[in-house]
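*Asks:*
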Amino acid sequence: MYQLLGEYPCKIDAKGRLRLPSGLIDQLPSDERDLFVINRGFEGCLNLYPKKVWDEKTVQINKLNEFDLNSRRFKRAFLNGASHLKKDGADRVNLPNGLLEFAGIKGEAVLAAVNDRVEIWSKEQWKSQMEIDPAEFAKLAQATLGNAGKEGSETAPPMT
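Position 126, counted from 1, in the sequence shown is what our numbering calls 137; the numbers after and before it change by one each time, with no gaps.
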């Protein structure tokens, strides 16, 4: 189980390379620091998964009913553009151009560690995502965590 934490501003070079911060790499087990998988995330970011986590996610995805339209659509969207990445000797990974375009990332980005993955955002999109009114944040916390631990509370109810 991963508990990745932190927010890291970074730069993407002209070749699409991103240097992974040492503070992030150090949170991974030593034998799991080199191989990753990247895919399209929700809300327009990219998700960077340690390879072991990706393998666990694909086990879940492969259990989806292939005869169900929503399952097929989700599977296609989730796997669309997914790519294996290997960290080089300078702690860089080369991000696919199509995924950079999808996320609108040019030059500057923000890495946001979220438990078992790292979200990669354009600097502008990240700023927009984090602009949340304190009262709205409190409502979101109550709606999401107010029933935490109660049976059937795995999904947040809709906001009103």
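No residue lacks a Cβ here, since even glycine has one placed at the ideal position from N, Cα and C.
Taking the Cβ atom as the reference point for each residue, do residue 93 and residue 158 lie within a distance shorter than 7 Å?
*Replies:* no
*Asks:* By Cβ distance, which residues of its chain are closer than 8 Å to residue 58, with the 5 residues on each side in sequence left out?
*Replies:* The answer, listed in chain order, is 49, 50, 51, 52, 128, 129, 130 and 131.
*Asks:* Judging by CA-CA distance, which residue of 136, 120 and 37 is the nearest neighbour of residue 23?
*Replies:* Here the closest residue by C-alpha is 120.
*Asks:* Count the other CB atoms within 10 Å of the CB of residue 61; is the residue buried (16 or more) or exposed (fewer)?
*Replies:* Under the 10 Å beta carbon count, residue 61 is surrounded by 16 or more other beta carbons and is classified as buried.
*Asks:* Select from 125, 83 and 117 the residue whose C-alpha is nearest the C-alpha of residue 109.
*Replies:* 117
*Asks:* Which residues does DSSP list as the beta-bridge partners of residue 132?
*Replies:* 121
*Asks:* Count the other C-beta atoms from every protein chain shown that fall within 10 angstroms of the C-beta of residue 133, then say buried if there are 16 or more, exposed otherwise.
*Replies:* buried
*Asks:* Classify residue 47: buried if its beta carbon has 16 or more other beta carbons within 10 angstroms, exposed otherwise.
*Replies:* buried
*Asks:* Beta carbon of residue 38, beta carbon of residue 75: below 7 Å?
*Replies:* no
*Asks:* Check whether the stretch 26-33 and the stretch 93-105 touch, using three or more Cβ-Cβ pairs below 8 Å as the test.
*Replies:* yes
*Asks:* Measuring alpha carbon to alpha carbon, tell me which residue in 79, 78, 98 and 144 is nearest residue 36.
*Replies:* 98
*Asks:* With a Cβ-Cβ cutoff of 7 Å, do residue 114 and residue 21 count as a contact?
*Replies:* no
*Asks:* Where does the unbroken beta strand (DSSP E) through residue 74 begin, and where does it stop?
*Replies:* Residue 74 -> no beta strand (DSSP E), and no H or E assigned at all.
*Asks:* Kindly give me the distance between the Cβ atoms of residue 122 and residue 19, rounded to whole angstroms, as I take these residues to be in contact under 8 Å.
*Replies:* Beta-carbon to beta-carbon, residue 122 and residue 19 are separated by about 4 Å, close enough to satisfy the 8 Å threshold.
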